[in-house]
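Below is one structure, written out as C-alpha cells, with a few remarks after it.
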Amino acid sequence: MAPIKARLVSYMEPAWLISQSIKFFLIALIFDFFKYKLDLEEFRKLWFSRLWAKIGPMMAAVPYQEPYISALLGRARGTVLEFGPGTGDQARHYRPEQITHLYGAEPNENLHTKLQKNCAAAGLEQYTVLTCGAQPTSLLPALVRQGLIKDERIPNDGLFDTIVTVKSLCSAPPEELKATINLVHRLLKPGGELIFFEHVHSHDDLLTSVLVWFTDFFWPYLMGNCRLSGKLDEYLEGDQSWAEKSISNIREYKGFEPIRYVKGYCRASSVRGWA
Ligand SMILES: C[S@@+](CC[C@H](N)C(=O)[O-])C[C@H]1O[C@@H](n2cnc3c(N)ncnc32)[C@H](O)[C@@H]1O
C-alpha cells in the first residue's frame, strides 16, 4: 500500500488542474462573452486557450518531466510534424540545426499567435501551423490544404522524418486512435520515428483506477477534450508493424498516480511495405 501522503500529493495534480479550469471558465464567461456568439464549441476553445496560456508554461516546466521531453524532442530531425503543440512551450527542446521544417497541427486557433512567437524565439524559423487535430478526418484535409498531399493520397515513401506528440493525443478522439496511429505510420518516411511523451490510463492500483474512471466522466469537458484513460501505450505495444519500439513509464511512476506518463519512440521500417 502506497504511503497516504505520497498518494494524496499525486491526487493533487488533477485536483489543481480542475480548480484552474473552473477559474478560467468563469474568466472566459465574463471576458469572452461577446466573442463566442453563443457557439458552445467556440466558447470551449476560448476557455481552454485562456487556461492553457496560463498553465501551459508551468506544465512544460515540471522538473520531473522536462528532462524526458527535452531528450525526446532532441531526437526530432528533418521534416517534423508535431500534434497539439499548444502555445509552443516545448519548442525550446528542439534542435533547430537538425530540423528542415516543422509543422504544428494545432486545432485551437486561439493558441496560434503565441505558438508562432515561441517557435520563433526557439530559433525554429521554418515553422508552419496547421489548423487541425491528429485524427485522420481532421489531419488529412489540412495536409491537402497545405499542398503537402493531393486528394488525401499519401506518397509511398511518406512525408515526415519525425512525428511528435507531447500530451496531446489524450485530446484526440479515442475512437480514432487506431486510425490515427496507422496514419502516423504511413506519413512517416522509411526509418522515420514517432516520438511521444503522453499520459495514459493508470490501472496498477484499485483506488486510483476507480478515481480515474470517475474523473473521466467530466475531465474532458474541463480540459479541452483530454482524457485520463488513454490507451496509446497499449495500442503501440500491440502494434507489431514497427521496426523498433521503446515504450516505458517515466522512472518516477510509482503505480498509484492518476496521471501516468509514458515516453518513448517507435521507428518505422527502413524498407517500405505500404501499398
Ligand atoms: C495539454 S495541451 C499540450 C500542449 C503542448 N503539447 C505542451 O506540451 O505544452 C493539449 C494540446 O492538444 C491540442 N489538441 C486538442 N485536440 C487535439 C486533437 N484532436 N489532436 C491533436 N491535438 C489536439 C490542444 O489544443 C492543446 O494544444
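If you read the sequence shown in the working numbering, its first letter stands for residue 115, the second for the next number, and so on.
We put the beta carbon where it would ideally sit given N, CA and C, even for glycine.
Nearest to residue i (by Cα), restricted to the options the options
{"i": "V376", "options": "R365, T329 and R158", "result": "R365"}
{"i": "L390", "options": "S384, R209 and L321", "result": "The structure shown has nothing for residue 390, since the chain only spans 115 to 389."}
{"i": "A234", "options": "H207, L283 and F328", "result": "H207"}
{"i": "W327", "options": "F311, E312, K292 and G344", "result": "G344"}
For residue i, the three-state DSSP class (helix, strand or coil)
{"i": "S360", "result": "strand"}
{"i": "T245", "result": "coil"}
{"i": "Y150", "result": "coil"}
{"i": "A219", "result": "strand"}
{"i": "L238", "result": "coil"}
{"i": "H313", "result": "strand"}
{"i": "T294", "result": "helix"}
{"i": "L195", "result": "strand"}
{"i": "D265", "result": "coil"}
{"i": "I169", "result": "helix"}
{"i": "K345", "result": "coil"}
{"i": "T201", "result": "coil"}
{"i": "Y367", "result": "coil"}
Local Cβ density within 10 Å of residue i, reported as buried at 16 or more and exposed below that
{"i": "G272", "result": "buried"}
{"i": "P128", "result": "buried"}
{"i": "R341", "result": "buried"}
{"i": "F274", "result": "buried"}
{"i": "E220", "result": "buried"}
{"i": "A389", "result": "Residue placement at A389 cannot be trusted, given a pLDDT of 39 that sits under 50; the coordinates are not used to answer."}
Rounded distance between the beta-carbons of residue j and residue i, thought under 8 Å
{"i": "I268", "j": "L216", "result": "With 8 Å as the limit, I268 and L216 do not qualify as a contact, their Cβ atoms being about 19 Å apart."}
{"i": "K198", "j": "K228", "result": "The question names Lys, but residue 198 is Gly in the sequence shown. Going by Cβ atoms, the distance from G198 to K228 rounds to 14 Å, so no, they are not a contact pair."}
{"i": "K159", "j": "N222", "result": "5 Å"}
### Query
Are three or more beta carbon pairs between the region 275-283 and the region 174-193 nearer than 8 Å?
yes
#### Entry: At least 3 beta-carbon pairs within less than 8 Å: the region 364-372 vs the region 313-328
yes
### Query
For the 8 Å Cβ check, are there 3 or more pairs between the region 171-178 and the region 148-161?
no
### Message
Does the region 240-258 come into contact with the region 161-170, if we say contact requires no fewer than three beta-carbon pairs (one atom in each stretch) closer than 8 Å?
### Response
no
### Query
Would you call the region 236-247 and the region 255-266 in contact, with 3 or more CB pairs under 8 Å?
yes
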